[in-house]
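Asker:
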Amino acid sequence: MTPPVARAGNTVFLATRPPRRFLARSPMKLPELIQGGMGIAVSNWRLARAVAARGQLGVVSGTAIDSVHARILQDGDPQGRLRSAYARFPAKDAAAAVLDRWFQPEGRAPSKPYRVIPVFNERRNRDLEALTALACFAEVVLARDGRPGALVGINLLDKIRIPQLASLYGAMLAGVDYVLMGAGLPTHVAGILDRFAAGEPATLKFPVEGGGEGEVSFDPSDFLGAPAPVLPRPKFLAIITSELLARRTFKDCADGFVIETPVAGGHNAPPRGKWQENLSDAGEPVYGEKDRTNFAAVAEVGKPFWIGGGFADTGSVAAAKALGAAGVQVGTAFMCCDESGLAPALKRKLISLAKERLARVFTDPKASPTGFPFKVAQVAGTISDPAVYAARERICDMGYLRSAFRREDGGIGFRCASEPVENYVRKGGRAEDAAGRVCLCNSLMAACGYPQVRRKTAPVDILGDTLRDAGLTVEAAIATAGDALCGVARYLKNTAADSYSALDVLRVVVPASVATVVETAAANAADAVAAAVTGAVTGARESVETFLANASEGAAKTCANVSEFGGKVAGAVTSAYASVAGAAANAHADAVAAATVFVAKARANMTEFGEKVAGSVNNAAAAVSDTYAHVTDAVSDTYAHVAESVSETCANAAAAVSEASNGMTATVAGALLPKSALQPAKA
């Protein structure tokens, strides 16, 4: 059960402790668009940064983010982005321990399996706790990218309870603005945010099948090794499907809502009633009138809400606002954009299918071990392919979607409906509940480009030749998407294009916002860059001219001195030779011979000395010339790069403003909820 709460204005506190002050963010800044928090690392920091930079809410996915970072580190963290963010983590020892354990500077060989992280359970694991908090911290830091006003949120699944405390605290240390959570009833989140914001420890309960609850705790001061700071409290948005949840369950413990319709991607709420007995001919859950959300009733709660699922086209924001919403949540459109974490090859397949109008999404009632319906894009070579699913050996080594159960000895055990059937049954599960289940943990990890490599004695033919020949297999991916997958081709700039950016999505859904942001940014950037370039180039030129003048003057003096010295040497040698020649006429032959040898040696030594001096002068002149060339090239390259950047920025800004202006000529007024938001016909 959720602990009782005490109200203090608009703040919710756990009743078991007196209210404490924290740095509340007020008033709430409401974006028109929320980028969905999708899958495992699909909504990564790059995608969230691209959306947040343009004035909307960018969201990072916190699901299995600890495993994602552990695998990136094992691959060598090629660009060093994670390590740069880790350097800002306040718990320095924890960050150092994570790097020491997981970072491989040389990277992992493609044929070598990833080391898997320990699975969460009711017993505290400090190493896993540190990795989780650090990963969430880094994602938020990188998503904000030094922009104080950028809005960044983190999305978590209520089904995955045990890691939540470390995830939330890590994100709060980075100053996350919003926490979004669904796939359950996360009524406990508000109280945890209150306590962490006040620097206090928090306790989280999780359900245990067969009786009672389990409990985990997190103490910020103990974790940091110092008194915990007071932190800004992020806003909590509950991801729900009905007005009843808004009016009753979350009215007093959420700052707002995201209302997802049945066409949204990922996990769907099941239809009301005995839905497993009422599937379509294709085997999908059937949603009816009872599953339609009464948006007017949600608006009466008096808290902002956004609508997700089927709202990603021009006019969608206006349609949502006409229903009382603050804006829309968009997921599938961003899933296929350049910045998302979805594996590039899988992205290209999905876009190609959409262009050919062959994209299909199946609402699978069995795939997810959670028991919720799960949207699965139908793509050959992925787990949606029956041959690929049948070939996979069932294994559960990540364990995020495991359920806790009460063992016969009274302790707590964990099982997953996608693990080997005999193991699941041995732990008290039913074999029929395991049929058709997919290991979403491994498949979604593969979808974001970090598939596990496994050794196999009889590799199957559907795998790549290199790994098959090596006696290896890799986990197959699964792609989850909303029913709007068939429409992602609308974001392509032309029919020949095979990719699009997050900005292309924003141009369609929130064109006015993008035009304003881009226009302002372009003007500011142009002014700032022009001033910086002028100052930098002027300063560089002055420095180069001064350097060259000094170098030329020094070289001239050196050459003059050497020339004068050489003249003196030559005069002295000539004089000595003349003297010896004069003396030779009157001297004995032996004396003449000795003198001649002496003069020859002197002359040779003087010649050698002169050559060394001349070489030094030549080297000095070459060094001056080379330095001049390098400086000139550097200035020229810098000027060219900056000029190209300014030109590209201005061109993009001009294109964005022009496209936004063209797109805004037709205004959608009085729009209603699209019929496709309830149960769209699949092509």
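Residue numbers (the working numbering): 38 to 720.
The beta carbon of each residue, even a glycine, is placed where N, CA and C say it ideally should be.
The structure displayed is predicted, hence computed values, not measured ones.
#1: Roughly how many angstroms separate the alpha carbons of S440 and R463, rounded to a whole number?
#2: Check A107 in the structure and name its three-state DSSP category.
#3: Can you check whether the CB of E456 is closer than 8 Å to the CB of S480?
#4: Could you say which of W82, K66, P68 and L67 lies nearest to D375 if we only look at CA atoms?
#5: Which word fits T532, buried or exposed, when buried means at least 16 other C-beta atoms lie within 10 angstroms of its C-beta?
#6: Excluding the five sequence neighbours on either side, which residues of its own chain have a C-beta within less than 7 Å of the C-beta of T400, listed in chain order?
#7: Does the CB of A336 have a neighbour CB from chain D at under 8 Å?
#8: Express the C-alpha separation of C373 and I388 in angstroms, rounding to a whole number.
#9: Kindly identify the DSSP beta-bridge partner or partners of W82.
#10: Starting from the Cα of G236, find the closest Cα among F260, Y215, E252 and D292 and give me that residue.
#11: CB V295 to CB V547, shorter than 8 Å?
#12: Please classify L281 as buried or exposed, where buried requires at least 16 other C-beta atoms within 10 Å of its C-beta.
#13: Flag this pair as yes or no: are the beta carbons of G117 and V96 separated by less than 8 Å?
#14: Ignore the nearest five residues each way along the sequence and tell me which others in G339's own chain have a CB closer than 7 Å to its CB.
#15: When the Cα atoms are used, what is the spatial distance from S148 to D112?
#16: Out of L188, G186, S317 and A167, state which residue places its alpha-carbon closest to the alpha-carbon of Q201.
#17: DSSP three-state label for R467, please.
#18: What residues match up with S440 in a beta bridge as DSSP calls it?
#19: How many angstroms separate the CA atom of L500 from the CA atom of T419?
#20: Do F442 and E246 have their C-beta atoms within less than 8 Å of each other?
#21: Just how far apart, CA to CA, sit R285 and E252?
#22: Do G293 and L274 have their C-beta atoms within less than 8 Å of each other?
#23: Could you tell me the alpha carbon to alpha carbon distance between A134 and I199, rounded to whole angstroms?
#24: Would D195 be called buried (16 or more neighbouring beta carbons within 10 Å of its own) or exposed?
#25: Below 8 Å between beta carbons: does that hold for G361 and F332?
#26: Give me the Cα-Cα distance between R444 and F243, rounded to the nearest whole angstrom.
#27: Could you tell me whether any non-hydrogen atom of the ligand FAD is closer than 7 Å to the CB of R163?
#28: DSSP has E297 in a bridge; who is on the other side?
#29: Within its chain, find whatever has a CB closer than 7 Å to the CB of R492; leave out the 5 residues flanking it on each side and keep chain order.
#30: Could you spell out where the beta strand (DSSP E) holding M218 opens and where it closes?
#31: Since E393 and G346 should fall inside the 8 Å C-beta cutoff, what is the C-beta to C-beta distance between them, to a whole number of angstroms?
#32: With DSSP run on the structure shown, which of helix, strand or coil describes D401?
#33: If you draw a straight line from the C-alpha of G99 to the C-alpha of A203, how long is it?
#34: Please name the residue or residues paired with L94 in a DSSP beta bridge.
#35: Hey, how far is the Cα of F255 from the Cα of A239?
#36: Which term fits E469, buried or exposed, when burial requires 16 or more other beta carbons within 10 angstroms of its beta carbon?
Answerer: According to the structure shown:
#1: 14 Å
#2: helix
#3: No, Cβ-Cβ distance for S480 and E456 is not below 8 Å.
#4: If we check each option's Cα against that of D375, W82 comes out closest.
#5: exposed
#6: N305, E321, P322, P410 and K412
#7: Chain labels in this structure do not include chain D; a single protein chain is all it has.
#8: 7 Å
#9: Beta-bridge pairing links W82 to no other residue.
#10: Looking from the CA of G236, the closest CA among F260, Y215, E252 and D292 belongs to F260.
#11: no
#12: In this structure L281 is exposed. Its beta-carbon is surrounded by fewer than 16 other beta-carbon atoms within 10 angstroms.
#13: No, these two residues do not count as a Cβ contact at 8 Å.
#14: Within its own chain, no residue has a Cβ closer than 7 Å to the Cβ of G339 once the five positions on either side in sequence are excluded.
#15: Answer to the nearest angstrom: the Cα atoms are 12 Å apart.
#16: A167
#17: coil
#18: R452
#19: Its pLDDT being 38, under 50, L500 is placed unreliably by the model, and the measurement read from it follows with that caveat. So the alpha carbons of these two residues sit roughly 11 Å apart.
#20: yes
#21: Distance between the alpha carbons of R285 and E252: 25 Å.
#22: yes
#23: 22 Å
#24: D195 should be labelled buried.
#25: yes
#26: 15 Å
#27: Among the ligands in the structure shown, none appear at all, so the ligand FAD cannot be discussed.
#28: G345
#29: G508 and L509
#30: Y215 to G219
#31: Wrong, their Cβ atoms sit about 24 Å apart, outside the cutoff.
#32: strand
#33: 11 Å
#34: I71 and L188
#35: 6 Å
#36: exposed
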